[in-house]
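Just so you know, the protein sequences line up as chains D and E, in that order. With the first sequence counted from 1, adding 209 to any position gets you the working numbering. With the second sequence counted from 1, adding 209 to any position gets you the working numbering. Please read the structure below before turning to the comments.
2 protein chains.
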Amino acid sequence: MGEHKVVSAALIIIGNEILSGRTKDANLQFLGEHLNDMGIRIRECRIVPDIEDMIVETVNYCRATYDYVFTTGGIGPTHDDITAAAVAKAFDTPLERHPEAEAMLLAKYKPGDVTPARMKMADIPFGASLLTNPVSTAPGFRLENVFVMAGVPRIMQSMFKEYAHELVGGAKVLSASVTSHVPEGTIGMRLGEIQDNFPDADVGSYPFWNDGKPGTNLIVRHPDRDVVNAACDEIVQMIKDFGGTPVDDKRPE
Amino acid sequence: MGEHKVVSAALIIIGNEILSGRTKDANLQFLGEHLNDMGIRIRECRIVPDIEDMIVETVNYCRATYDYVFTTGGIGPTHDDITAAAVAKAFDTPLERHPEAEAMLLAKYKPGDVTPARMKMADIPFGASLLTNPVSTAPGFRLENVFVMAGVPRIMQSMFKEYAHELVGGAKVLSASVTSHVPEGTIGMRLGEIQDNFPDADVGSYPFWNDGKPGTNLIVRHPDRDVVNAACDEIVQMIKDFGGTPVDDKRPE
């Protein structure tokens with residue numbers, strides 16, 4: 210990206226229910242879009258089951274490899290919520306009752322509802338700072354470059370919005386999209402040449418079928434508006450050269 | 210699982226568009242459910258960008274670790290479709306024009322539509338067998354325990370259905386679900402005891418809110434119907450002990 214630093218991130222989605230197909234993840238799409246707006250690009254996403262060793266290994270690999278690591282899932286009150294314990298193990302730090310988290314939970318629940326299971330949600334790896342949960346109180350936490358969030362999308366999103374200002378992003382990647390009914394197989398080679406002309410840009414090709422009629426949605430992504438526009442201009446010319454017409458041409462605002 | 214062998218699998222989803230949030234993956238859910246019905250359990254899913262080294266590394270890790278590996282995405286005609294080349298590299302085998310794939314593509318396209326980009330879709334790692342694509346002809350392929358499929362869900366599903374009979378599954382994991390309005394924080398500890406009573410079963414707890422009213426969907430998964438039913442019976446008793454009523458109780462058929 211030359212002078213356009215893009216900050217990297219990994220997302221770790223924790224939960225058997227995602228891998229079994231019971232639950233469809235919605236957090237990757239939300240975080241992919243919101244982080245991109247801040248110049249932070251998700252380079253990898255790993256979906257792992259509720260197995261401590263796998264979570265520990267995955268957290269340790271990702272935190273050493275990427276600028277930021279986000280996890281979703283596994284911070285509730287039941288026996289299959291093992292993310293906090295696993296992250297503590299990954300950092301080789303004890304899991305301890307966090308006084309501030311404990312106070313928040315005690316303030317939320319009526320005395321009869323204060324159960325050991327609920328209070329387990331105040332057990333946080335030593336040294337972590339809390340991530341506020343405006344929806345259901347039980348906090349997430351941040352430890353170095355790792356942000357641990359709830360899996361329920363509404364809660365995850367509310368947590369993210371609370372701490373997003375803490376993240377140090379890079380150049381926002383701008384995106385443009387040119388759509389036509391010229392199929393991928395026609396433009397393939399020529400599009401590769403356009404990618405070669407703009408080696409730092411991401412030129413992506415996504416086929417579609419409208420009522421069986423093929424078409425292609427071409428995406429250009431780069432932090433510099435001029436680069437994005439220049440690549441798109443070449444794409445528009447290519448479409449015309451193949452006898453087509455861009456039916457949609459969305460440039461960065 | 211004792212005598213109930215469960216075969217393991219990994220899914221590798223390839224494509225920048227999934228990580229950026231542009232496209233929402235639909236293949237994990239389909240494969241999670243369909244493989245589970247065959248006694249094959251997805252143990253891990255990795256979503257990686259269109260970067261050759263990452264695909265090579267991920268394929269090699271997964272094929273050494275799991276019984277089966279499935280990949281989706283990156284087998285089209287454009288420059289960003291690099292999955293076949295990356296898998297060839299992972300297996301240290303050449304990428305070659307496959308005569309059968311070539312014949313299928315030549316039969317599909319009118320002579321004027323036979324472009325180098327389209328014929329690139331006939332370049333398959335040496336030694337691989339083709340996976341038929343009933344929707345758009347361009348085949349996937351199988352190399353040892355790795356199955357390489359298209360990313361477009363309709364095409365991926367049609368490919369999968371063509372070769373699914375080749376997969377050797379294990380015991381089908383049966384699933385039951387008991388729903389009540391007793392919240393997770395109330396049942397948490399007791400549910401953990403039920404998990405301990407059935408250590409080979411997966412007991413999962415998934416909270417929900419209906420009009421702000423909390424509830425919990427409890428899932429039991431195990432290949433043996435009797436184990437699933439016995440664990441569910443304990444869950445129903447637990448719900449009653451906490452003053453609740455199961456509002457839904459779905460057992461294996």
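For every residue, glycine included, the Cβ atom is placed at its ideal position computed from N, Cα and C. No experiment lies behind these values; they were computed from the predicted model shown.
Partner residues on chain D for residue i, Cβ-Cβ distance less than 7 Å
i, result
"E:Ile-251", "Leu-228"
"E:Leu-400", "Thr-287 and His-288"
"E:Gly-413", "Asn-225, Glu-226 and Asp-289"
Neighbouring residues, chain D, relative to residue i (Cβ below 9 Å)
i, result
"E:Val-257", "Arg-252, Glu-253 and Cys-254"
"E:Leu-237", "Ile-227, Leu-228, Gly-230, Lys-233, Asp-234 and Ile-256"
"E:Ser-367", "None at all; the shortest Cβ gap to chain D is about 13 Å."
"E:Glu-242", "Ser-229, Gly-230 and Arg-231"
Span of the beta strand (DSSP E) around residue i
i, result
"E:Asp-411", "411-419"
"E:Ser-217", "216-223"
"D:Val-355", "355-358"
"D:Thr-302", "Unbroken run through D:Thr-302: none, as it is neither H nor E."
"D:Pro-348", "346-352"
For residue i, three-class secondary structure by DSSP
i, result
"E:Lys-449", "helix"
"D:His-243", "helix"
"E:Arg-231", "coil"
"D:Asp-457", "strand"
"E:Ala-380", "coil"
"E:Ile-428", "strand"
"D:Gly-211", "With a pLDDT of 45 at D:Gly-211, under the threshold of 50, the modelled position of this residue cannot be trusted; read the value that follows with caution. D:Gly-211: coil per DSSP, three-state reduction."
"D:Asp-290", "coil"
Bridge-paired residues (DSSP) for residue i
i, result
"D:Pro-423", "D:Trp-418"
"E:Leu-340", "E:Gly-349"
"E:Val-437", "According to DSSP, which records beta bridges pairwise, E:Val-437 is partnered with nothing at all."
"D:Val-387", "D:Leu-427 and D:Asp-458"
Partners in chain D for residue i, counting only beta-carbon separations shorter than 8 Å
i, result
"E:Gln-404", "His-288 and Asp-289"
"E:Tyr-270", "Within 8 Å Cβ-Cβ: nothing; E:Tyr-270 doesn't reach chain D, min ~11 Å."
"E:Tyr-277", "Simply none; closest approach about 14 Å."
"E:Ile-428", "Glu-226 and Arg-231"
Neighbour list for residue i in chain E, Cβ cutoff strictly below 8 Å
i, result
"D:Asp-322", "Gly-394 and Thr-395"
"D:Pro-416", "Gly-285 and Val-361"
"D:Asn-245", "Ser-229 and Gly-230"
Amino acids of chain E, ordered along the chain, whose beta-carbon sits closer than 7 Å to that of residue i
i, result
"D:Asp-457", "Going along chain E, no residue has its Cβ under 7 Å from D:Asp-457, so there is no contact; the nearest lies around 15 Å."
"D:Ser-217", "Under the 7 Å cutoff, chain E gives no residues; its nearest Cβ is about 11 Å from D:Ser-217."
Delimiting residues of the alpha helix (DSSP H) encompassing residue i
i, result
"D:Phe-369", "362-372"
"E:Ile-403", "393-406"
Contact list for residue i against chain E, beta-carbon separation under 9 Å
i, result
"D:His-326", "Note that residue 326 of chain D corresponds to Ala in the displayed sequence, not to His. In chain order: Glu-393, Gly-394, Thr-395, Ile-396, Gly-397, Met-398, Arg-399, Leu-400 and Gly-401."
Minimum length 3: unbroken beta strand (DSSP E) runs contained in the region 309-338 of chain D: 332-334
Unbroken stretches of the beta strand (DSSP E), 3 residues or longer, contained in the region 247-286 of chain E: 249-257 and 277-281
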